[in-house]
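Here is the structure we will look at.
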Amino acid sequence: MNLTENQINEITSLIKENEVIYERRQYFQKYCLNTLGIGIPIYNFYDYDELIHYRQVENDSTIYKKIVGDRQKFELYYEDIHQEIYNNKKIINTVKNDILLYIKSKSIISVDQIKKSNFDFLTNFYVEFFLEELHKMEKLDKINISNDQVVYKIKPKD
Numbered sequence: 005m006n007l008t009e010n011q012i013n014e015i016t017s018l019i020k021e022n023e024v025i026y027e028r029r030q031y032f033q034k035y036c037l038n039t040l041g042i043g044i045p046i047y048n049f050y051d052y053d054e055l056i057h058y059r060q061v062e063n064d065s066t067i068y069k070k071i072v073g074d075r076q077k078f079e080l081y082y083e084d085i086h087q088e089i090y091n092n093k094k095i096i097n098t099v100k101n102d103i104l105l106y107i108k109s110k111s112i113i114s115v116d117q118i119k120k121s122n123f124d125f126l127t128n129f130y131v132e133f134f135l136e137e138l139h140k141m142e143k144l145d146k147i148n149i150s151n152d153q154v155v156y157k158i159k160p161k162d
């Protein structure tokens, strides 16, 4: 795997924080809360209600605005959010690619097998999330073995 120790720690931290909020609010969607136009990582906020307080509509487009009177502070805050989203997307893509590379070395793979490999820092929820994403991207075939067991294999190229 080509993840650094810091990236693994960051992902682990995001997972823990996101799962707590997900259980409370059920608003988890691809690491970001997508409401009214743009996604902000939900882990920046203690609660969905707090996030709503940062919302403001301006010039017919929806943005999230920290309640500060200083425009310059807001612009810095807004840039930070976009940078954070960009950084998280890079890490997510790295993990997705690493999982895909790992699966390519196997014929068929399950969530448990991935967890027992280098991806033990991911919870089952996240492994399933990444596998579903790869399936939607038509990189993997999904095989239902039983009602509660699914395995994946690399989709053959036509």
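Residue 5 is where the sequence shown starts when you use my numbering, and the numbers rise one by one after that.
A virtual CB, placed ideally from N, CA and C, is assigned to each residue, including glycine.
Separation of residue j from residue i, as counted between CA atoms
| i | j | result |
| --- | --- | --- |
| Y35 | E9 | In this predicted model, Y35 has a pLDDT of only 35, less than 50, meaning its place in the structure is not dependable; the value taken from the coordinates is given anyway. So the two alpha carbons sit approximately 20 Å from each other. |
| I113 | K94 | 24 Å |
| K159 | N101 | 15 Å |
| T127 | E142 | 23 Å |
| K110 | F123 | 15 Å |
| E27 | Q153 | Any reading at E27 needs caution, since the residue's pLDDT is 44, under 50, leaving its predicted position unreliable; the model's value is listed next. Cα to Cα, E27 sits roughly 23 Å from Q153. |
| L144 | K119 | 17 Å |
| T98 | K161 | 22 Å |
| V155 | N148 | 7 Å |
| L105 | Q117 | 14 Å |
| S121 | I107 | 11 Å |
| E137 | K146 | 11 Å |
Selected residue, minimal CA-CA separation from residue i, among the options
| i | options | result |
| --- | --- | --- |
| H139 | I149, S109, K157 | K157 |
| V115 | I96, K108, F129 | F129 |
| I96 | V131, V155, I107 | V131 |
Beta-bridge pairing of residue i - partner residues as DSSP gives them
| i | result |
| --- | --- |
| Q153 | S150 |
| D145 | K157 |
| S114 | V155 |
Residue i: CB within 6 Å of a non-hydrogen atom of the ligand NAP
| i | result |
| --- | --- |
| N122 | In terms of ligand content, the structure shown is empty, and the ligand NAP therefore cannot be addressed. |
Anticipated Cβ contact below 8 Å, residue i with residue j, distance rounded
| i | j | result |
| --- | --- | --- |
| F134 | I103 | 5 Å |
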